[in-house]
Structure formats: structure tokens, C-alpha cells
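Those protein sequences? They're chains A and B, same order as listed. To get this note's numbering, take the position in the first sequence, counting from 1, and add 18. To get this note's numbering, take the position in the second sequence, counting from 1, and add 118.
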Amino acid sequence: MSRASGKEKYSLPAVVIDGVVISDTAGVSHRERLSALVDIGADRSVIPLHVCNDLNLQTRRFASPRGFDPQAERRSIPEYYALIRVEGLREVLLRVFGVPRSNILLGRDFLTGLTLVVDSPRLTWRLGCPGIFGKMALRLL
Amino acid sequence: MADNLKELKVIGEPQVALIGSGLEGDPMLAQFFQERAAFRKQLPELLKTCPGQYVAVYQGRVIDQDKDEFALARRMDIGYRHEFVLIEKVSIEEDEIRMESPGPESP
Numbered sequence: 019m020s021r022a023s024g025k026e027k028y029s030l031p032a033v034v035i036d037g038v039v040i041s042d043t044a045g046v047s048h049r050e051r052l053s054a055l056v057d058i059g060a061d062r063s064v065i066p067l068h069v070c071n072d073l074n075l076q077t078r079r080f081a082s083p084r085g086f087d088p089q090a091e092r093r094s095i096p097e098y099y100a101l102i103r104v105e106g107l108r109e110v111l112l113r114v115f116g117v118p119r120s121n122i123l124l125g126r127d128f129l130t131g132l133t134l135v136v137d138s139p140r141l142t143w144r145l146g147c148p149g150i151f152g153k154m155a156l157r158l159l
Numbered sequence: 119m120a121d122n123l124k125e126l127k128v129i130g131e132p133q134v135a136l137i138g139s140g141l142e143g144d145p146m147l148a149q150f151f152q153e154r155a156a157f158r159k160q161l162p163e164l165l166k167t168c169p170g171q172y173v174a175v176y177q178g179r180v181i182d183q184d185k186d187e188f189a190l191a192r193r194m195d196i197g198y199r200h201e202f203v204l205i206e207k208v209s210i211e212e213d214e215i216r217m218e219s220p221g222p223e224s225p
């Protein structure tokens, strides 16, 4: 489910979760085996725009977050409602941004209440719920 | 990252859209500004009747409301699956969203 990535598409070691499932609000249409980058810098989670289109998610709002592109003005980005599921960890319905990206960004809205432990020398990490942290099916690489 | 971003000016609003995102000339964006203008016009009354709740605005009218944003979103996805319905919180404060994140990727 997880890996610490240092030599693949990221320039720095990153906490990446594989096998993420995105569904519509009814949980009927879904896309599986998606890759997600844990992003503690993001207030909101982001899903790839092509996934929004594949699932026929409907835009419900636009917002202009700060920080995506500090060199430019704020930009209007579409917001969707989607279920994000990480097997063995959490399934939550969130208001997310749709952006042209290849992977998901799991922001603080998804991560709320979870504990992330990073072992930098070993390039490993654990993500889990307090209290049942040790019992989570997390992989140490 | 900024290379694939250009500005799309929208008349009447100091807003821009992401070039390469499929939003250029997106009718949804125009609908959003229309519905949001209608929402803001009705906001003083909504603040009296349902402060803190979420409302669904369609064709300038509030068609549904709920304390639970996600319950409202689910109903809109059932009843207005292919229509743009604005979902807004009845509040005078706008959330400040920070995304200190990797941005859009080049196609």
C-alpha cells in the first residue's frame, strides 16, 4: 500500500500511498488503484481532473486557494464532492479540488486525526489512527 | 509549474482559470459567477433564516438547504447530476484555503 519514494518521479523522498479509491458521492462509480501523495501543506485534498471527468463528478463551486502558484494571482479551481478511500485506514466524503495532475494529493482534510510517523534515515513511514496505530496494516519499506 | 499556467480573465470578476485544465471558456465558471451573485444577493435574508447552513442555488434560487454539507451534495448529485448547482455556506466569512502544495502538472 505504501512506499517511500526517493528515486522515482519525486525530487525528494515522499510519502506515497498506492491503491487509493475515488468514488462519486453515492459510492457507485469509482476509480481504483490510484496513487496519492500525502500532503500536509494542503488544506484540501486534490484529485486528478481526468478522474473527476471519468466519474462524471459535477463541479459544485470554484475556489481560489493561496499557494498553488505563489508567483501568480489566485486562480479559480473547480471543487467537487468525492469519496476517498484508503483501504484499512479511512473512507471519507470530502469537498476536493480537481486539478490536472497524475496523482492525488491527500490534504489535511483527509489526514485529520491520523498520525504520520516518518523514519527519514530508512525512508520509511507509517500512517494510522491513534489508539489502533500498531494494528493498522501499514507497510514499512 | 508556472509555465503551464496562464490567466483567463472573466468579465466582472477578478478571477482567473487554469489554462490546460479544460476550464478555458468553461460555461461552468460563468454559471458559478451567476449563481454566486444570486447567492450574495440573497445572503442577508439567508443569514436571518438559516445561518451556518449550506444552501444549494440553482438558476438564481435556493432549492435546498441542510446543516450537513455532504448530505446536501449527495441530494444534488441525485437530483441535479448533470446540472451546475452552487453549494455555499450561509456565512459572511469566506474560508481562506491554503495549498502549499505541488500544483498542476504539465500535460
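All residues carry an ideal CB built from backbone N, CA and C; glycine is no exception.
By Cβ distance below 8 angstroms, which residues in the same chain neighbour A/Ile95 in space, the five residues on each side in sequence not counted? Non-local C-beta neighbours of A/Ile95 in its own chain, meaning closer than 8 angstroms and more than five positions away in sequence, comprise Phe80, Ala81, Ser82, Pro83, Phe86, Phe115, Gly116 and Val117, ordered along the chain.
Leaving aside the five residues before and after A/Val39 along the sequence, list all residues of the same chain whose C-beta is less than 6 angstroms from its C-beta, in chain order. His48, Glu50 and Arg103
Please name the residue, chosen from A/Val69, A/Val135 and A/Asn74, that lies closest to A/Ile58 on a Cα-to-Cα basis. A/Val135
Residues in the same chain with beta-carbon distance under 8 angstroms from A/Arg78, minus the five sequence neighbours each way, listed in chain order, please. In chain order, Glu97, Tyr98, Tyr99 and Arg113 place their CB closer than 8 angstroms to the CB of A/Arg78, counting only its own chain and leaving out the 5 sequence neighbours on each side.
Taking the beta strand (DSSP E) that A/Arg103 falls in, what are its first and last residues? Ile95 to Val104
At a cut of 8 angstroms, does the segment 158-166 of chain B reach the segment 201-219 of chain B through at least three beta carbon pairs? yes
For the alpha helix (DSSP H) holding A/Pro66, just list the boundary residues, first then last. Segment Val64 to Pro66 is the beta strand (DSSP E) holding A/Pro66; no alpha helix (DSSP H) there.
Between A/Thr43 and A/Leu111, which are expected to be in contact by the criterion C-beta below 8 angstroms, what is the C-beta distance as a whole number of angstroms? With 8 angstroms as the limit, A/Thr43 and A/Leu111 qualify as a contact, their Cβ atoms being about 6 angstroms apart.
The alpha helix (DSSP H) enclosing A/Leu75, as first and last residue numbers: Segment: none, A/Leu75 is in no alpha helix (DSSP H) and carries neither H nor E.
Classify A/Ser63: buried if its beta carbon has 16 or more other beta carbons within 10 angstroms, exposed otherwise. buried
Neighbour list for B/Asp195 in chain A, Cβ cutoff strictly below 8 angstroms: Asp42, Thr43, Ala44, Gln76 and Tyr99
Can you tell me where the beta strand (DSSP E) holding B/Lys159 begins and where it ends? Note, B/Lys159: premise wrong, no beta strand (DSSP E); alpha helix (DSSP H) at Pro145 to Thr167.
Could you confirm whether any beta carbon from chain B is found closer than 8 angstroms to the beta carbon of A/Ser47? no
Flag B/Glu218 as yes if its beta-carbon sits less than 8 angstroms from any beta-carbon of chain D, otherwise no. The structure shown contains no chain D; its protein chains are A and B.
In chain A, what lies closer than 9 angstroms to B/Glu214 by C-beta? Asp61, Pro83 and Arg84
Against B/Ala191, what residues of chain A qualify as contacts under a CB-to-CB distance less than 8 angstroms, listed in chain order? Thr43, Arg78, Tyr99, Leu111 and Arg113
Name the chain A residues whose beta carbon is nearer than 8 angstroms to that of B/Val175? Within chain A, no residue comes near B/Val175; the closest Cβ sits about 10 angstroms away, beyond 8 angstroms.
Cutoff 6 angstroms; reference B/Gly170; Cβ partners in own chain excluding five residues on either side: none
Rounded C-alpha distance that separates B/Leu165 from B/Ala174: Counting only the Cα atoms, B/Ala174 lies some 14 angstroms from B/Leu165.
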